[in-house]
Amino acid sequence: VSLGKGALLSETLETGDEVAAGQAAKAIAHSGDTTLIAALPKVLANPERSLRVRSSALSALYGKDIGRQAQLLKMVKSNELAEDLRQTASEILMLSRNPEIREEAKTIFSVAGGDYPSIAELLTRKGDPSRGKELFSSKTCMICHEAGGTGINFGPGLSQIGDKLDAKALYEAILQPSEKISMGFEGWEVTLKNKTKLVGIIEETEENLTLTMIGGAKQTIEKDEITSKSKMKQSLMYPGLHQLMTPEELADLVAYLSSLRKSG
Numbered sequence: 206v207s208l209g210k211g212a213l214l215s216e217t218l219e220t221g222d223e224v225a226a227g228q229a230a231k232a233i234a235h236s237g238d239t240t241l242i243a244a245l246p247k248v249l250a251n252p253e254r255s256l257r258v259r260s261s262a263l264s265a266l267y268g269k270d271i272g273r274q275a276q277l278l279k280m281v282k283s284n285e286l287a288e289d290l291r292q293t294a295s296e297i298l299m300l301s302r303n304p305e306i307r308e309e310a311k312t313i314f315s316v317a318g319g320d321y322p323s324i325a326e327l328l329t330r331k332g333d334p335s336r337g338k339e340l341f342s343s344k345t346c347m348i349c350h351e352a353g354g355t356g357i358n359f360g361p362g363l364s365q366i367g368d369k370l371d372a373k374a375l376y377e378a379i380l381q382p383s384e385k386i387s388m389g390f391e392g393w394e395v396t397l398k399n400k401t402k403l404v405g406i407i408e409e410t411e412e413n414l415t416l417t418m419i420g421g422a423k424q425t426i427e428k429d430e431i432t433s434k435s436k437m438k439q440s441l442m443y444p445g446l447h448q449l450m451t452p453e454e455l456a457d458l459v460a461y462l463s464s465l466r467k468s469g
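Position one of the sequence shown corresponds to residue 206 (this note's numbering), numbered consecutively onward.
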């Protein structure tokens, strides 16, 4: 990062509005500049910064790096993380590429308690679409899906999903995401010469491969930097994300998704 750009990012992180500061946090994390990155934990620890800015800093710092995610997991377990950041932490850890981190996060953040109801039992619950809409925005859904103008266009779009899937099929897609993977949304694992492993949806040209990762970030890689790539058998939507919701909340979410139909 050039000196001028680094100074601008630091200034924006400190004094910019919520949106600009959040974008600066992401840019700093992607820069790899250790001096700039050192400012992010200070943002997290500052109670005077808004929740939105601190959440952005948390996502920027821990969202992609498995090593840092292990540190974040320790912070959560030892109650070192501010209570209002636990929701963001749950999203980061439940979407980790490391299955051990995902499983431990599931245990920590599961709000259902005990065995989750069967799909047959969930179908007997009458959900509230308005509450479901709020849940779509506050849980992990919008990290990968777009619905009604909200969210990120990474996984299948959901704006007219109510025309395509009934409630039973929606529950199956959420609880058993690897059973049916939509064409064009298959996940790939790409290993680089430097041993880095990346996971996402790929597009290829003769010389380059572009990987779209969870959350929508794109990375273009020269093919001669790749040692291997393999199609994943499981969905990029990891199993167990529904455990971040109570059964009642899941019923609300499905009611909202069922209401998303083509207008007119």
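For every residue, glycine included, the Cβ atom is placed at its ideal position computed from N, Cα and C.
Owing to the predicted nature of the structure, the values given are computational and were not obtained by experimental measurement.
Only exposed fits GLY272, as fewer than 16 other CB atoms lie within 10 angstroms of its CB. Selection ILE386, GLY445, ILE324 evaluated against GLU296 yields GLY445 as nearest (Cα-Cα). Separation of ALA374 and LEU403 (C-alpha to C-alpha, rounded to the nearest whole angstrom) is 30 Å. When C-alpha distances from GLU288 are compared across ALA265, ASP320, GLN365, PRO252, the shortest belongs to PRO252.
Here the C-alpha atom of ARG307 lies approximately 23 Å from the C-alpha atom of ALA456. By the C-beta criterion, the region 371-391 is judged not to be in contact with the region 423-435, since fewer than 3 inter-stretch pairs fall below 8 Å.
In the DSSP assignment, the residues bridged to GLU394 are VAL404, SER435. In the three-state reduction of the DSSP assignment, GLU308 falls in the helix class, which pools H, G and I. Rounded to the nearest whole angstrom, the C-alpha separation of LEU290 and GLU411 is 43 Å.
Proximity of the region 236-243 to the region 275-287 falls short of the contact definition, fewer than three beta-carbon pairs being nearer than 8 Å. CA-to-CA, the gap between GLY332 and LEU462 works out to about 11 Å. Secondary structure of ILE357 (DSSP, three-state): coil. With respect to the 8 Å criterion, GLY360 and PHE390 are classified as neighbours on the basis of their beta carbons. In the displayed model, LYS423 falls within a strand according to three-state DSSP. A distance below 6 Å between beta-carbons, with the five flanking residues on each side excluded, links LEU458 to the following residues of its chain, in chain order: GLY337, LEU340. Relative to the Cα of VAL248, the nearest Cα in the group TYR443, HIS235, ALA262, HIS447 belongs to ALA262.
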